[in-house]
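Everything below concerns the one structure shown next.
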Amino acid sequence: MVNLKELAVREDSLCGGHRACTGCGAPIIVRQVLLASKDPVVITSATGCLEVVTTIFPYTAWKVPFLHNAFENSAATCSGIEAAYQSLKRQGKIKADHINFVAFGGDGGTYDIGFQSLSGAMERGHDMLYVCYNNEAYMNTGVQRSSATPMGAATTTAPPGKLRAGKTQFSKNLTEIMVAHGLPYIAQSAVGFWRDLTSKAEKAFNIRGPKFINALQPCQLGWGYDPALTPEMGRLAAETCIWPLYEVENGVYKLNYRPKEKKPVTEFFKPQSRFRHLLRPGNEAVVATIQKEVDRRWEALLKNCEEKIA
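At position 17 of the sequence shown the residue is numbered 20 (the working numbering), and the sequence of numbers has no breaks.
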């Protein structure tokens, strides 16, 4: 179990001075995940916000080995490095007892263009952790919709108007798709729950084989909220059950956070400009449809966790 005093004295793998937006959740996720590793780490990162803000040539914000790869192959690159390490270790050319290999990707490079790479690496069983910092759109290239974008959200490629109220499809449930891969460990967390995320990363690092963590990363630029509210946005996502916190270890589900009072989805919408149109008269049916789907997914999760539905 993570100990705050111990974490406080560990060296940070990501230094300050990077170029992330004010209130960006990506560096928070990176720091909290990597602080959980007691062993050396090697990082790969798909093209995206995280790579752009931390590695603008000739500078780097990384204090650990870091490899930038193409948009679509963070998992494949990481799996190749891990395979090379295992080979060199068998040959006696590397003396390190263990190295944690971590691949980072945004939702675009994970849910969409990088899904084939991710699925392949997980199916092959590489000893690595894949972390999706999920900001629910292609934020780095202009806030286009992705399959992680929630229904009703406004993006540049799914704008609200007379014919539709933002994106018309529900988001893909990638965490459950990873469960279907039969991995030893899958988890879902969010910015605003540091102990939850760090504990899950620590557990993942102590398990051999492929692991996956889907971390909700509020984006003040694409979501349109006060940058000071980043942690609060993650907490609101959990309190409305839009983004539940849970883990699946060897096929066994465990709910990590159950709100004392389940808030309506509109409480999550209110601080964000991407949902502003949904709160205007005429879009009540869309909000009701979103609420119904959130409730359905929440109840299905409770059933998997063998929790009683309140």
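All C-beta atoms, glycine included, are put in the ideal place defined by N, C-alpha and C.
{"Query": "First and last residue of the uninterrupted alpha helix (DSSP H) at Lys92", "Result": "77 to 93"}
{"Query": "Whole-angstrom distance between Val45 and Leu37, CA atom to CA atom", "Result": "10 Å"}
{"Query": "Residue from His184, Gln89, Tyr260, Leu166 whose Cα sits closest to the Cα of Gln119", "Result": "His184"}
{"Query": "Assigned exposure category for Ser90 - 16 Cβ within 10 Å defines buried", "Result": "exposed"}
{"Query": "Delimiting residues of the alpha helix (DSSP H) encompassing Leu7", "Result": "7 to 12"}
{"Query": "Status (buried if at least 16 other CB within 10 Å, exposed otherwise) for Cys18", "Result": "exposed"}
{"Query": "With 16 other Cβ atoms within 10 Å as the buried cut-off, status of Leu166", "Result": "exposed"}
{"Query": "Residue(s) in a DSSP beta bridge with Tyr136", "Result": "Gly109, Ala218"}
{"Query": "Short Cβ contact (7 Å threshold) for Ala315 with Leu121", "Result": "The question about residue 315 has no answer, for the chain in this structure spans 4 to 313."}
{"Query": "Validate contact between the stretch 194 to 204 and the stretch 142 to 151 using beta carbons, cut 8 Å, 3 pairs", "Result": "no"}
{"Query": "Other residues of its chain near Trp246: CB distance less than 6 Å, five sequence neighbours each side excluded", "Result": "Ala193, Leu219, Ala240"}
{"Query": "Euclidean distance between Cα positions of Leu186 and Glu296", "Result": "26 Å"}
{"Query": "At least 3 beta-carbon pairs within less than 8 Å: the stretch 137 to 145 vs the stretch 95 to 104", "Result": "no"}
{"Query": "DSSP beta-bridge partners of Ala303", "Result": "Paired residue(s): none; Ala303 is not in a bridge."}
{"Query": "DSSP three-state assignment for Pro213, whether helix, strand or coil", "Result": "strand"}
{"Query": "Val268 to Ile97 span [Cα, whole Å]", "Result": "51 Å"}
{"Query": "Test item: CB-CB of Gly117 and Ala49 under 7 Å", "Result": "yes"}
{"Query": "For Thr47, the nearest candidate out of Ala73, Ile31, Ile32 (CA to CA)", "Result": "Ala73"}
{"Query": "For Ile216 and Ile293, the rounded distance between their alpha carbons", "Result": "24 Å"}
{"Query": "Selected residue, minimal CA-CA separation from Ala303, among Glu179, Phe278, Lys263", "Result": "Glu179"}
{"Query": "Residue nearest to Pro43 in terms of C-alpha spacing, selected from Ala29, Gly128, Val55, Val67", "Result": "Val67"}
{"Query": "Environment of Ala291 [buried if 16+ CB atoms lie within 10 Å]", "Result": "exposed"}
{"Query": "Residue from Ala29, Cys27, Ala39 with nearest C-alpha to Leu7", "Result": "Ala39"}
{"Query": "Residue from Cys308, Ala79, Trp65, Pro230 with nearest C-alpha to Leu258", "Result": "Cys308"}
{"Query": "Proximal residues to Thr159 (C-beta, below 6 Å), its chain only, five neighbours per side dropped", "Result": "Gly145, Val146, Gln147"}
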